[in-house]
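Below: one structure, written as structure tokens.
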Amino acid sequence: MGCDAVVLSLNSPCPPAVGRKTERDNILCASLSGTLLPTAHLTGIISTFVNNKHLPPLLMAKMKTGCAVLVACALVVGTSLGSHGNAQTIAPCRPGFSQSSYTVFVPRGVLQGLNIHKDTLLSSGHVEFETCQQIEEVSFESSDPKFSVRPDGSLYAEQDVANLTEPIQFMVTARDSVGKYIWETTVKLALAGHPLSPPINQITGDGIYGLSSHNHYQNPRLITFPRQHQRGSSNGLRRQKRDWVIPPINVPENSRGPFPQVLVRIRSDQDKEIEIRYSITGAGADQPPSDVYIIDPVTGKMSVTKPLDREERASYHLRAHAVDINGNQMEPPIDLFIYVIDMNDNRPEFKNQVYNGSVAEWSKPGTSVMQVTAFDADDSTTANGLVHYRILSQTPHIPIPNMFTINGATGEISTIASGIDREKVPQYTIIVQATDMEGSLNFGLSNTATALISITDINDNPPELDAKMFLGEVPENAVGVVVANLTVRDKDQPHTPNWNAVYRITGGDPLGHFAIRTDEITNDGRVIVVKPVDYERNGAFMLMVVVSNQAHLASGIPSSPSSSASVTITVLDVNEAPVFPSNPKVIRFEEGVPADTTLATFAALDPDRFIQQTIRYSKLSDPANWLKINRTNGRITTMAVLDRESPYMKKNVYEATFLAVDNGSPPATGTGTLQIYLIDVNDNVPVLDPQEALVCERSRHGYPVNITATDLDSEPNAGPYVFELPSYPSSARRNWTISRLNGNYAQLKLRIPYLEAGMYRVPILVTDSGNPPLSNTSVLKVKVCPCDENGDCTVIGAVTVAGLGTGAIITILICIIILLSMVLFFVVWVKRREKERQTKPLLIDPEDDVRDNILKYDEEGGGEEDQDYDLSQLQQPESLDHIMSKPAGVRRVDERPVILESQYPVRPTVPHPGDIGEFIIDGLRAADNDPTAPPYDSLLVFDYEGSGSTAGSVSSLDSSSSGEQDYDYLNDWGPRFKKLADLYGGGGED
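Just so we're aligned, residue 392 is where the sequence shown starts under my numbering, counting upward by one.
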């Protein structure tokens, strides 16, 4: 028999592996227990155990039983796996339980009878958990509160267990300290020495029996319902006792059949006496997903009906039932646990097809770059779901093809070599492959993804100036102009702090005339003048310039962090404008300076000391036209008297502007300002304020008048003022009195109890405080009037004060009455005329009155040329001889007779409304007797413009057209043309 197919018939179970026994041992045992396996499946199973160092002990065990053919095939496969360059000799350790289920046989020595007391340590019970040095602390929990698991994995009885005649099953859960990972396993307790306990050579040193699956498709494993024991009792009740623990049934996924495929046979030991019917219930049988498992009700053979998918469902829990033909339960239900064995039928899938990462240039080997992750839907506890990563290619191969490496287990990509330079390679493209079966290229499934690694820039290239010396020139007095352009090179990434240049002037400019600004686009330095330079003081500058980056140079770079150069700047001489030494120049004079007085000499200096030039002066601004300047020497004299109270003065200062122009090429002009401060003198008399006042005729009524004064002069030539009544006229002091309030105000009031109402002119003498003081007599117009109790003038009193006598007032009232009477008479006359007009009847029917109607004609006809008319009747004859020869009288032919026209009556300009009827009758009579008026049915003559006229013909107005014309279309023109349609169309009234 070759290695293409191997059939093993082993009567003895598979021996346990040396060391810890895992689920992989169970899978291998199940695969080698009389099952026909293709070479590919066998090779995959063997490669799994080669990687975990389980094959040599198993091969030794099988050699003792004579499995020569299998050993030979295994050796061939193992040799090929071991010699393959990509195979892993040691699989990575994965934390978890060593087995998916444990069976613990409790020795009778720890029992008291068949009971387990509280605080009993089951020394034979122990679960193994591998931390792989990745989990710091693991805690165990039991689903059965009667038992607990200590940190070392030993089983401990927390409560009394009444009876162990029936096996006890519970779940043990392991959790890490942070609760991130959870592992589960099943523990079954059975009494040692049980009839179904394994032989002594199958029990490991810790008392745990490693269960294996016996899926004999040819000869299915027999599962017998537990026997029933009857314990004597007064009521004859029977209690069931389970004889053994049913091991799980392992079924590989993706089986090719044929289906249905027998898994096990269920049998009751009462089938010899009674006809038994078997059935199964649970998910996969009578619950969704239904009909995955079926059972022959007579033979008890349970079969699977279709291929299983572990990724869809990994396990099934069914219950087997045995009843008689009447449906009576003959056996207690038994639990069947079916586990789907994983096959490598899923490729690893990357989370993303393209991963983006970055690493700084010149990073040290071992620097982490990024991590790629692939997921495999297969069982992660087997090699089918263990993914291994490798790098397939790197683009470009600069400086070497292998600049990066990847952790085969985690997918973390890191640098493996030095020399990453962004200026040479800005990005690498990495093709990463993920392979399951722990990376086996012969048996594993693979998938690829792309990793794009961008190289980030560091400041490893300092800026370098293109030259060691730069030249420039600048005109003197210029500001803001670019003097020189400093070009620089930098290999770092543009427009980043590693590339941006910073320029500094380190010498040659102590007064700060220049500055260097960086061009944001080109990174060049532009030397700019920020303070004007003077050719006469300094004709040239030698600047020392240093350029560096915004970011500090990376450590370990041997280059200097900056570059330096010199900039020579030549100052160009230009014709500068004359400069006034004192600008503005302030001079002080008392006001009243007479004309032709020399005030000062306002001369300017020429900054161009190396050139002899002539300066000429002129006036630019002189608001009051008070000054003049000498053209050659700049002497300023007055042309009028300087008055401080002039409106051109601003805060006692008069300001004028002058120009100084040299004779250079081109001429330059300087501007100077002269400010004249005028000192005040007492040259203005005070003026009384206010000029008018109102006083009650009785002194006990009303209020006194407050008076003050204004003076154009300033302090001390103004207030305080002195107010007094002059001695002449004598009535002033007799009727009035003045009392001082303060330095600027006084009060005027009546001295006598009563003064007749009227207008009085009260003279008041006001004197200022100047040196010498000036006085002025002002007249105050005081209106004396009768007042009410509140001290306010009455209306009559106000009129009286205004100067109107009683006669004048009566005259005004009579005029008002006459004016109102005339208005009333005119209104009555208009009303009467309106009433007469309304009572006189109308001469025409209101329906025929079209004076207030607006007629709109939208149709102008088709023109004269579309009608067959004799247009000669409308033409003016060339001669009037044939008309003159006709007898007098009314002519039927439309020809205007050469006679005098009749005189129609002329309507008066303002006719009486009753005369309109007579006027119309007279006009009608004149028209009937007019021989020049055509009859109603004759043609009308219009002005003839001669042959070839551009004016159109009006022949379509002929009213004598044929009566056969159809006017029915007038009915379609709407209600406005209904009257016309009735006249021409022949309405129903006809």
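In this text, a Cβ means the ideal position worked out from N, Cα and C, and glycines have one as well.
Since the structure is predicted, the reported quantities are computational estimates derived from the model, not experimental observations.
In DSSP terms, what Lys579 is bridged to: Thr494 and Gln560
Let me check understanding here. Comparing Cα to Cα, which of Ala751, Val1076 and Ser1056 lies closest to Ser1160? Val1076
Smallest Cα separation from Thr988: which of Val1032, Ala956 and Gly1025? Val1032
For Glu867 versus Glu927, is the C-beta distance shorter than 9 angstroms? yes
Thinking C-alpha only, which one of Thr887, Val936 and Ser534 is nearest Gly898? Val936
Assuming Phe488 and Ala581 form a contact by the criterion Cβ under 8 angstroms, report the distance between their Cβ atoms to the nearest whole angstrom. Actually they are not in contact, since the Cβ atoms of Phe488 and Ala581 sit about 19 angstroms apart, beyond 8 angstroms.
Could you round the C-beta distance between Thr733 and Arg710 to whole angstroms and report it? I think they count as a contact, below 8 angstroms. Per the sequence presented here, residue 733 reads as Asp, with Thr not at that position. So it is not a contact: roughly 25 angstroms between Cβ atoms.
Through-space distance from Tyr730 to Val683, alpha-carbon basis: 13 angstroms
Using the three-state DSSP reduction, which class does Ser1122 fall into: helix, strand or coil? helix
Taking Cβ to Cβ, would you say Pro888 is nearer than 9 angstroms to Ala842? no
To the nearest angstrom, report how far apart Val1086 and Ala1100 are at their CA atoms. 20 angstroms
Tyr1008 versus Lys1019, Ala1015 and Glu1115, residue with shortest Cα-Cα distance: Lys1019
Looking at C-beta atoms only, is the number of pairs between the segment 1101-1114 and the segment 1045-1063 that lie closer than 8 angstroms three or more? no
Please tell me whether Pro611 and Arg656 are closer than 9 angstroms, where the distance is taken between their beta carbons. yes
Distance between Gly799 and Glu349 (C-alpha atoms, nearest Å): Shown here, the chain extends from 392 to 1381; a query on residue 349 therefore has no answer.
Apply the 10 Å Cβ neighbour rule to Leu913 and answer buried if 16 or more other Cβ atoms are within range, or exposed otherwise. For clarity, residue 913 is Thr in the given sequence; the question names Leu instead. It is exposed - the Cβ of Thr913 has fewer than 16 other Cβ atoms within 10 Å.
Assuming Glu814 and Lys882 make a contact with CB atoms under 8 angstroms, what is their CB distance in whole Å? 5 angstroms
For Phe336, count neighbouring C-beta atoms within 10 Å of its own C-beta (all shown protein chains included) and say buried if the count is 16 or more, exposed if not. No answer is possible for residue 336: the residues shown for the chain start at 392 and end at 1381.
First and last residue of the uninterrupted beta strand (DSSP E) at Gly1149: Gly1149 to Thr1158
Report, in whole angstroms, the separation of the C-beta atoms of Ala991 and Ile1027, which I expect to be a contact under 8 angstroms. 6 angstroms
In the structure shown, what three-state DSSP assignment does Ala459 receive? Low confidence applies here, because Ala459 scores a pLDDT of 33, under 50, leaving its location unreliable; read the following figure in that light. Three-state result, Ala459: helix.
When the distance is taken between beta carbons, is Glu1115 closer than 9 angstroms to Thr1158? yes
Where does Arg1223 fall in DSSP's three states? helix
May I ask you to report which of helix, strand or coil DSSP gives Phe1310? helix
Does the distance from the CB of Val918 to the CB of Val873 come in under 9 angstroms? yes
Beta-carbon contacts of Glu703 that lie in its chain and below 7 angstroms, excluding the five residues immediately before and after: none
To which residues does DSSP link Asn793 through a beta bridge? Looking at the DSSP assignment, Asn793 forms no beta bridge with any residue, so it has no partner.
According to DSSP, Phe531 sits in a beta bridge with which residue or residues? Ala565
Sequence-distant residues of the same chain with beta carbon closer than 6 angstroms to Ser1090, five excluded per side: Leu1141 and Pro1144
As assigned by DSSP and simplified to three states, the class of Met1213: helix
Can you list, in chain order, the residues of its chain whose CB lies under 6 angstroms from that of Met1040, leaving out five sequence neighbours each side? none
On the DSSP bridge list, what partners appear for Thr1168? Leu1156
Inter-residue spacing [alpha-carbon to alpha-carbon] between Pro1120 and Leu1156: 12 angstroms
To which residues does DSSP link Ala1100 through a beta bridge? Leu1079
Comparing alpha-carbon positions, which option in Pro1111, Tyr1094 and Arg1125 lies nearest Gly1182? Tyr1094
Label Phe971 either buried or exposed according to how many other C-beta atoms from any shown protein chain fall within 10 Å of its C-beta, with 16 as the threshold for buried. buried
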